[in-house]
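Novice: Can you read through this structure? Questions will come right after.
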């Protein structure tokens with residue numbers, strides 16, 4: 001991963017820049033005004049000294065002084081604008097850039113979960129996949145993947161703890177956020193079927209791109225990633241976020257180690273400002289119901305959207321000076337494959353959108369999944385996969401062209417966007433992947449169509465600002481992607497005996513205040 005840091009010797013100190021920006025502008029104004037005045041005086045002196053006896057018959061044309069003064073003022077503005085752009089461009093160098101092409105592929109593994117007795121046990125060999133034909137892009141719509149990476153002990157690559165698609169529509173001036181449930185059972189190219197959050201751990205962002213395309217027929221235009229520590233720091237830099245807790249949520253956070261630092265386990269019911277450590281703990285809770293009476297991983301993703309919206313609201317209230325002052329501290333916490341030009345283009349577009357609401361959605365949709373046990377994993381099996389894909393496309397693109405194609409019982413087709421050809425993957429477990437995943441397409445769409453949800457979208461909540469978009473020039477060709485429908489079977493021999501979920505209040509804080517293995521998931 002390349003970490004583009006600004007050398008402290010190359011640029012002026014950021015605090016000096018911010019604190020003395022008014023003095024700097026005054027100095028620039030004074031300097032340019034003096035230059036303009038000197039030029040005018042020099043021209044007057046030249047007119048006085050120049051012998052024009054023989055040139056009286058030639059009319060003299062002098063550039064009006066008001067025009068020269070206007071040019072001087074324009075020069076001041078130009079210098080200020082150029083200086084601001086250069087400073088902002090230098091700040092973007094603080095972002096960690098990683099296109100994921102050199103990510104190391106690792107051997108697959110399977111979670112060992114606490115299994116609910118209500119889960120249906122499914123043999124992975126009996127899971128059948130449908131073939132689906134659909135456009136993975138639409139002109140006018142840009143999809144940016146937001147990834148929250150879990151922390152692991154050796155600082156290696158963890159699983160993607162949260163995954164959301166931020167969809168930007170320039171024409172309709174809308175921003176939407178789709179939560180992808182991490183326990184959704186999917187095909188992972190080159191690996192056995194597994195939870196969606198395993199794709200990032202096995203092969204990094206490129207494998208996650210491929211997995212989303214193959215299962216949901218959606219191509220990403222970029223990603224933004226933060227880990228747990230970065231998430232905490234970003235919220236702390238904002239001065240915390242305002243969150244309303246229920247009595248049950250407050251009690252649970254104070255008596256478990258979701259808030260990893262013991263000194264912060266003093267939250268209360270009602271509206272309050274949570275710091276980064278408290279907000280992180282809140283966004284990971286799943287064993288108690290939300291204020292909307294939702295629990296499990298669905299409640300967890302709902303809390304994540306609440307926190308993101310609170311961040312937007314806090315950001316909206318910042319002054320321009322405060323925003324600039326925070327950037328040198330926040331940008332190094334972010335990793336992305338977006339280039340400087342793309343980011344600047346998105347920000348320029350953002351300035352014209354005026355987005356004031358955040359539309360939200362979730363996959364799997366209501367009544368489009370069922371809890372199941374596969375390989376001792378507790379997963380969400382999309383038993384109406386085609387309906388899930390159609391609903392997602394209608395929300396992201398404003399329409400759906402999803403078609404279910406005839407397919408054999410043991411294989412399904414998906415499209416390789418790099419070649420435009422159709423290849424085949426089997427539904428049986430596959431060997432560990434050894435080839436490097438393909439890179440994301442470089443063409444970016446321009447947002448034009450307003451997303452509309454068909455199933456039951458999440459409640460619309462206000463948002464402060466949205467990340468702007470960049471417009472591509474063409475739409476990708478239709479592709480074929482697999483989705484799967486499980487066939488219930490008897491439990492395989494290796495499946496462990498289902499157990500009921502652990503009681504809500506039995507998770508005791510760890511001695512060092514860190515989140516224990518298996519908690520917060």
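In our numbering, the protein residues as written are 1 to 521. Idealized CB from N, CA, C, for every residue including glycine. Quick caveat: nothing in here was measured; it's all calculated off a predicted structure.
(1) I need the boundaries of the beta strand (DSSP E) containing residue 245, first residue and last residue.
(2) Given a cut-off of 9 Å on the beta-carbon distance, is the pair residue 220 and residue 143 in contact?
(3) What first and last residue would you give for the beta strand (DSSP E) that runs through residue 135?
(4) What span of residues does the beta strand (DSSP E) with residue 522 cover, start to end?
(5) Given this structure, state the Cα-to-Cα distance separating residue 173 from residue 353, to the nearest angstrom.
(6) Starting from residue 311 and walking both ways along the beta strand (DSSP E), at which residues does that stretch end?
(7) By the 10 Å Cβ neighbour count, where 16 or more other Cβ atoms means buried, how is residue 382 classified, buried or exposed?
(8) Take residue 240 as the anchor and find which of 199, 101, 232 has the nearest alpha-carbon.
(9) Please name the residue, chosen from 397, 183, 157, 317, that lies closest to residue 363 on a Cα-to-Cα basis.
(10) Can you tell me whether residue 266 is buried or exposed? The criterion is at least 16 other CB atoms within 10 Å of its CB, across all chains shown.
(11) At the level of alpha carbons, what is the spacing between residue 359 and residue 105?
(12) With distance defined between alpha-carbon atoms, name the residue in 281, 317, 164 nearest to residue 255.
(13) Since residue 161 is in the beta strand (DSSP E), which residue starts that stretch and which ends it?
(14) Pop quiz: residue 149 and residue 227 are said to be a contact at Cβ under 8 Å. What is the actual Cβ separation, rounded to whole angstroms?
(15) On a Cα-Cα basis, can you pick out the residue from 135, 88, 99 that is closest to residue 389?
(16) Quick one, are the C-beta atoms of residue 175 and residue 165 less than 9 Å apart?
(17) What three-state label does DSSP hand residue 362 in the structure shown?
(18) My understanding is that residue 258 touches residue 285, with C-beta atoms under 8 Å, so please give their C-beta distance in whole angstroms.
(19) For the beta strand (DSSP E) that residue 403 lies in, which residues bound it at each end?
(20) With H, G and I counted as helix, E and B as strand and the rest as coil, what does DSSP make of residue 323?
(21) What span of residues does the beta strand (DSSP E) with residue 272 cover, start to end?
(22) Beta carbon of residue 133, beta carbon of residue 331: below 9 Å?
(23) Using a Cβ-Cβ cutoff of less than 7 Å, which residues in the same chain neighbour residue 100 once the five nearest sequence positions on both sides are dropped?
(24) Is residue 203 helix, strand or coil by DSSP?
(25) Where residue 400 and residue 216 are concerned, what is the direct C-alpha to C-alpha distance, given to the nearest angstrom?
(26) Please report how far the alpha carbon of residue 202 lies from the alpha carbon of residue 159, in whole angstroms.
(27) State buried or exposed for residue 229, treating a residue as buried only when at least 16 other CB atoms are found within 10 Å of its CB.
Specialist: The answer reads as follows:
(1) Residue mapping note: residue 245 aligns to position 245 of the chain shown, counting from 1. Note, residue 245: beta strand (DSSP E), 241–245.
(2) Locating residue 220 in the chain shown gives position 220, where the first residue counts as 1. Locating residue 143 in the chain shown gives position 143, where the first residue counts as 1. Taking 9 Å as the Cβ cut-off, residue 220 and residue 143 qualify as a contacting pair.
(3) The residue given as residue 135 occupies position 135 in the chain shown. Residues 128–135.
(4) In the structure displayed, the chain extends from 1 to 521; residue 522 sits before or after that span and is not available.
(5) Locating residue 173 in the chain shown gives position 173, counting from the first residue. Locating residue 353 in the chain shown gives position 353, counting from the first residue. Distance between the alpha carbons of residue 173 and residue 353: 5 Å.
(6) The residue given as residue 311 occupies position 311 in the chain shown. Premise fails: residue 311 lies in the alpha helix (DSSP H), 296–316, not in any beta strand (DSSP E).
(7) Here the question's residue 382 lines up with position 382 in the chain shown. Looking at its Cβ environment, which holds 16 or more other Cβ atoms inside 10 Å, residue 382 is buried.
(8) In the chain shown, the residue the question calls residue 240 occupies position 240. For the residues 199, 101, 232, the minimum Cα distance to residue 240 belongs to 232.
(9) Here residue 363 refers to the residue found at position 363 of the chain shown. Closest by alpha carbon: 183.
(10) For this step, residue 266 is matched to residue 266 along the chain shown. Residue 266 should be labelled exposed.
(11) Taking the chain shown and counting its residues from 1, one reaches residue 359 at position 359. Taking the chain shown and counting its residues from 1, one reaches residue 105 at position 105. Between residue 359 and residue 105, the C-alpha separation is close to 35 Å.
(12) Your numbering for residue 255 matches position 255 in the chain shown. The shortest Cα separation from residue 255 among 281, 317, 164 belongs to 281.
(13) Here the question's residue 161 lines up with position 161 in the chain shown. From DSSP, the beta strand (DSSP E) with residue 161 extends over 160–169.
(14) Taking the first residue of the chain shown as 1, we reach residue 149 at position 149. Taking the first residue of the chain shown as 1, we reach residue 227 at position 227. Confirmed, about 5 Å.
(15) Residue mapping note: residue 389 aligns to position 389 of the chain shown, counting from 1. Per the Cα distances, 135.
(16) Translated into the one-based positions of the chain shown, residue 175 becomes position 175. Translated into the one-based positions of the chain shown, residue 165 becomes position 165. Contact: no.
(17) Stepping through the chain shown from its first residue, residue 362 is reached at position 362. Here residue 362 sits in strand by DSSP.
(18) The count along the chain shown starts at 1 and reaches residue 258 at position 258. The count along the chain shown starts at 1 and reaches residue 285 at position 285. Indeed, because the Cβ distance is near 6 Å, the residues count as touching under 8 Å.
(19) On the chain shown, residue 403 is found 403 positions in, with the first residue counted as 1. Its beta strand (DSSP E) spans residues 403–405.
(20) Walking along the chain shown from the start, residue 323 turns up at place 323. Reduced to three states, the DSSP call for residue 323 is helix.
(21) Here residue 272 refers to the residue found at position 272 of the chain shown. Per DSSP, residue 272 belongs to the beta strand (DSSP E) from 270–274.
(22) For the purposes of this step, residue 133 is identified with residue 133 of the chain shown, where counting begins at 1. For the purposes of this step, residue 331 is identified with residue 331 of the chain shown, where counting begins at 1. Cβ distance not < 9 Å, so residue 133 and residue 331 don't count as in contact.
(23) Reading the chain shown from its first residue, position 100 is the one you call residue 100. The answer, listed in chain order, is 204, 205, 206, 337.
(24) Position 203 of the chain shown, counting from 1, holds the residue named residue 203. DSSP places residue 203 in helix when its eight states are reduced to three.
(25) The sequence position of residue 400 within the chain shown is 400, counting from 1. The sequence position of residue 216 within the chain shown is 216, counting from 1. Rounded to the nearest angstrom, the two C-alpha atoms are 12 Å apart.
(26) As a working mapping, residue 202 is identified with position 202 in the chain shown. As a working mapping, residue 159 is identified with position 159 in the chain shown. Those two C-alpha atoms are separated by around 8 Å.
(27) On the chain shown, position 229 is the one that residue 229 refers to. Label assigned to residue 229: exposed.
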